[in-house]
Every structure is written in C-alpha cells, then in structure tokens.
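FYI, in mature numbering (1 follows the signal peptide of the UniProt record, and there is no 0) the residues of the sequence shown are -16 to -1, 1 to 252. What follows is a set of notes on a single structure, which appears directly below.
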Amino acid sequence: MKKMNLLVLVFLLALAGGCSNNKGQAAKKDDKEKIPEAIEVKILLPDHAIPQKEVVLGTRVTQSGENVEDADSVKFEIKEEGSKESEMLPAKHTKKGIYEVRNTFMADGVYSITAHVTARDMHNMPTEKLAVGNAEEPHDSNKEDSHHDSEDGSKGHDHKSESEHGEAGHHDSSLDIHLMTPQKINTNEEAALTVILKDGGHPLTEAKVRLEIWKKGAEKHEFLDTAEAEDGTYKLNRKFSDPGNYEINVHVNKGKLHEHKQQAIAVH
C-alpha cells in the first residue's frame, strides 16, 4: 500500500510539473509574439533658412507617447534637389527625446532632410524639405507648425513637423500609420514589414493595406497586399534582391477611408 501511495504521489508531482512547464511556455510564446509600439520620428526644421547662416536641424523621437532618450543612432542626411551627392551628419541628444545637429547651407536651393533613426531595434527615416534663400519649397498644406524647448527652457523657433504621410501623403482623419522595418535589411534575406494602424487611438481592423515598393529612380512600382496578423497590425515578408535606397508607400483603404504614408528604407 505504501508503495502504491508513493507511485501516485510521484505521478501527481510529474503532472503538476508538466502543467507548470506548459503554462511557462505559453507565457513565453505570448511575450515573444507581442509586438512593441513603433517609434515615432518627427523632423523639426526652421520655416526657412538663409545661406551661410547656421541653423539647427532637430528630430523628436517617441514611443507610445513617451520620449525616447536612448536612441542607438540619429543621423541627418542632407541632399540638395537635383544633386546625386548627400551629406550625413550625426546628431546629439539634447533633451526630451530631441536630437539636434547644426548645419550651414552655403547656397540657395531646396534640400531634402532625412532623419535616420535607429532605436529599440527599430528603424525610421522620414524626410522633409527645407527651402534655403530665395528657393521656394513645394507647397504642402498638410504640414503643421511645431515647437520644441531649447536647452535653457525657453521656446525655440517655429518648426515644421513630419508630414503624417511623408512627402506625398494627405491626411484628413485621425488615422495614425506606423511602418516598422528591421534595423538592418540585407539583400536576399526575408524582411518583416509591419504596419500598425490606429484610428483615434484604437486599432483599425479589417482594412485593406497594400505596400507600394520601388527602388529610387526606378519606374517600376510593385504593389503587395499585407495580412492582418492581429487587430490593427498588418504584416508582409519581402525579399529585396538589389541593394540601394527604396521607397515604401503604405496604402490604407476601408470604406470611404483612403490614406497613405510614404517612408524611405535602405537595403544593404
């Protein structure tokens, strides 16, 4: 009888241990599948720049509404329209999620300013345009004025925030579109492209989300449908066969809603 009781006790302990392991594995799986909030990057530029006069180029990095103070890398790529050459300048963290660099534009022109931000295993690289001197920036009615505090606590000059839909977007609703890409994309390796949609702070479900992808300078544009992995989260895996700079335009359709957001990526 004692032997029988001992066998029953061993069986019950083994069963309890198995249940505990299964729960632990399930918890780990849930944690692994949980998608982190995308980092948001807003470029802060002066309304206008004067040739041969120093200006401050800034960007604010946030995640879930909180300032990101620990970005791995923030660089500004500056390129004059019509030129094939660009300049890359590393930015320094000042405070409150803001990273800045000082630059002097030597001649009139319209310049593309791209903020390359790598933070928390995510990469975002929005682009804004800045008119210098007598050059006129193409009108974009969707740009908003933005401010950020200077280091002495006073308000800085007016800045333009990142257009909610990149260079070619329009945005009349409360829809937020976040495109998440791997920190580094290599040729011939599958890259996970994730789009997170929030309308008024709530996930936008059952939308048709397509990615328009093309290499800069190429005429051919590829349109690929994503799949909704969970509420408001749409995914697509894609291999890039050629290195270079690409543009991704996220198209979102649901009923009468049609929004889009454009973002640049680099493939190594």
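Glycine included, every Cβ here is placed at the ideal spot set by N, Cα and C. Quantities reported herein were computed from a predicted structural model and do not represent experimental measurements.
- In this chain, the beta strand (DSSP E) harbouring Val94 covers 93 to 103.
- Around the C-beta of Pro110, 16 or more other C-beta atoms lie within 10 Å, and the residue is accordingly described as buried.
- Pro110 carries a coil assignment under DSSP once its states are collapsed to helix, strand and coil.
- Contact holds between the stretch 50 to 60 and the stretch 70 to 88, because three or more Cβ pairs, one in each stretch, are under 8 Å apart.
- Setting aside the 5 residues that flank it on each side, Thr88 is surrounded in the same chain by Gln36, Lys37, Glu38, Val39, each with a C-beta closer than 8 Å to its C-beta; the list follows chain order.
- Taking the Cα of Ser225 as reference, the smallest distance to any Cα among His162, Phe207, Ala175, Ile232 is reached at Ala175.
- Here DSSP, grouped into helix, strand and coil, assigns Gly42 to strand.
- When secondary structure is reduced to three states using DSSP, Glu231 falls in the strand class.
- For His252, the closest of His244, Asn237, Tyr230 by C-alpha to C-alpha distance is Tyr230.
- The C-beta of Phe60 has 16 or more other C-beta atoms within 10 Å across all chains shown, which makes the residue buried.
- The straight-line gap separating the alpha-carbon atoms of Glu21 and Asn172 is approximately 27 Å.
- As the crow flies, the alpha-carbon of Ala99 is around 26 Å from that of Gly184.
- Here Thr178 has Met164, Lys219 as same chain residues with Cβ atoms under 6 Å from its own Cβ, once five neighbours each way along the sequence are excluded.
- Residue environment for Met106: buried (at least 16 other C-beta atoms within 10 angstroms of its C-beta).
- Taking 8 Å as the cut-off, the beta carbon of Ile23 is found no closer than this to the beta carbon of Ile97.
- For His162, the enclosing beta strand (DSSP E) stretches over residues 159 to 164.
- The shortest CA-to-CA distance from Gly117 to any of Asp31, Lys68, Arg194, Leu195 is the one to Asp31.
- Straight-line spacing of the CA atoms in Lys223 and Arg104 works out to 23 Å.
- Taking a 10 Å sphere around the C-beta of Asp160, we find 16 or more other C-beta atoms and assign the residue as buried.
- When the beta-carbon positions are compared, Glu206 and Ile197 come within less than 8 Å of each other.
- Going by beta carbons, Val85 and Ala119 fall outside the 8 Å limit.
- For Lys199, the pairing in a beta bridge is given by DSSP as Tyr230.
- Our two residues, Leu29 and Val193, have alpha carbons roughly 31 Å apart in a direct line.
- Rounded to whole angstroms, the Cβ separation of Lys76 and Ser70 is 20 Å, and the two are not in contact under 8 Å.
- For Val52, the secondary structure class from DSSP, reduced to helix, strand or coil, is coil.
- Judged by DSSP in its simplified three-state form, Ile34 adopts coil rather than helix or strand.
- Linking Glu212 to Thr189 through their CA atoms gives a straight-line distance of about 8 Å.
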